[in-house]
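Engineer: The sequence shown maps to residues 15 to 164 in my numbering.
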Amino acid sequence: MDCEVRKKRFYYSKRISSPEQSSKIHRSPSNFDPSICYQGSQHQRLGSHTIGQAQCVTFRDRVNSNASDIDAGFASTRRRRCPTDVTKENTTLAPLDLVTPNQLDNNYFKNLLQKKGLLASDQILFSGGSTDSIVTEYSKSPSKFSSDFA
């Protein structure tokens, strides 16, 4: 079975699940179907966060930390969006991408280059590791992004 057929079967199956937001990229491949034929597929799946929202509880620790892998201004903006009352955080949503939250585009990857990945599991894709080149390619090439995601 060729690569494209395997990918389509997997993507449309009911077995799809994203890695936990706290998982590290070096552990993430085990969370994906082994029939996928090349490494890029797992990163494309993680990159599906180009559209969507996240509950504040999933990123509250990240935006409240003083970590070096998050832009301080971005973190400040995101802290204002989430209530300080922890009981409300389970229902409050924030867009994954502040610039184009409802568009399927490569802005997600541009955000990662600027340390503006909302979830830790997203920002780890651009953190000095093996996936940096993939993130850079998608951020610079809307056509590559479109051919792989659209």
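Note that the Cβ used here is the ideal one computed from N, Cα and C, for glycine as well.
All figures in this text were calculated on a predicted structure; none of them were measured in a lab.
Assuming L118 and I65 form a contact by the criterion Cβ under 8 Å, report the distance between their Cβ atoms to the nearest whole angstrom.
Structural biologist: On the sequence shown, residue 118 is found 104 positions in, with the first residue counted as 1. On the sequence shown, residue 65 is found 51 positions in, with the first residue counted as 1. L118 to I65, Cβ: 6 Å. Contact.
Engineer: How many whole angstroms separate the CB atoms of Q67 and L110, which I take to be in contact at a CB cut-off of 8 Å?
Structural biologist: As a working mapping, residue 67 is identified with position 53 in the sequence shown. As a working mapping, residue 110 is identified with position 96 in the sequence shown. About 6 Å; that satisfies the 8 Å criterion.
Engineer: Using three-state DSSP, classify Q137 as helix, strand or coil.
Structural biologist: As a position in the sequence shown, residue 137 is number 123, starting the count at 1. The answer is helix: DSSP assigns Q137 an H, G or I state.
Engineer: For R93 and N78, which I take to be in contact (beta-carbon distance under 8 Å), what is that distance rounded to the nearest angstrom?
Structural biologist: Numbered from its first residue, the sequence shown carries residue 93 at position 79. Numbered from its first residue, the sequence shown carries residue 78 at position 64. With 8 Å as the limit, R93 and N78 qualify as a contact, their Cβ atoms being about 6 Å apart.
Engineer: With H, G and I counted as helix, E and B as strand and the rest as coil, what does DSSP make of A108?
Structural biologist: Against the sequence shown, residue 108 aligns to sequence position 94. Three-state result, A108: strand.
Engineer: Since L126 and D136 should fall inside the 8 Å C-beta cutoff, what is the C-beta to C-beta distance between them, to a whole number of angstroms?
Structural biologist: Here residue 126 refers to the residue found at position 112 of the sequence shown. Here residue 136 refers to the residue found at position 122 of the sequence shown. Yes, they are in contact, since the Cβ atoms of L126 and D136 sit about 7 Å apart, within 8 Å.
Engineer: Could you please give the first and the last residue of the uninterrupted beta strand (DSSP E) stretch that includes A68?
Structural biologist: Counting from one through the sequence shown, the residue named residue 68 turns up at place 54. Looking at the DSSP string, the run of the beta strand (DSSP E) that includes A68 is Q67 to Q69.
Engineer: Is G142 helix, strand or coil when you go by DSSP?
Structural biologist: Here residue 142 is taken as the residue at index 128 of the sequence shown, counted from 1. Residue state, collapsed to three classes: coil.
Engineer: Exposed or buried, which one is I39 when buried takes at least 16 other CB atoms within 10 Å?
Structural biologist: Reading the sequence shown from its first residue, position 25 is the one you call residue 39. Note that I39 scores 45 on pLDDT, short of 50, meaning its location in the model is unreliable; the coordinates nonetheless yield the value given after this. It counts as buried.
Engineer: Quick check on DSSP: helix, strand or coil for I39?
Structural biologist: On the sequence shown, residue 39 is found 25 positions in, with the first residue counted as 1. Since pLDDT at I39 reaches only 45, below the 50 mark, its modelled position is unreliable, and no value is offered.
Engineer: Can you tell which of A134, F163 and S157 has the C-alpha that lies nearest to the C-alpha of V71?
Structural biologist: On the sequence shown, position 57 is the one that residue 71 refers to. Taking only the C-alpha atoms, the option nearest V71 is A134.
Engineer: So what does DSSP say about F73, is it helix, strand or coil?
Structural biologist: For the purposes of this step, residue 73 is identified with residue 59 of the sequence shown, where counting begins at 1. Residue state, collapsed to three classes: coil.
Engineer: Can the beta-carbon of K130 be found closer than 7 Å to that of F73?
Structural biologist: Locating residue 130 in the sequence shown gives position 116, where the first residue counts as 1. Locating residue 73 in the sequence shown gives position 59, where the first residue counts as 1. The answer is no: Cβ separation not under 7 Å.
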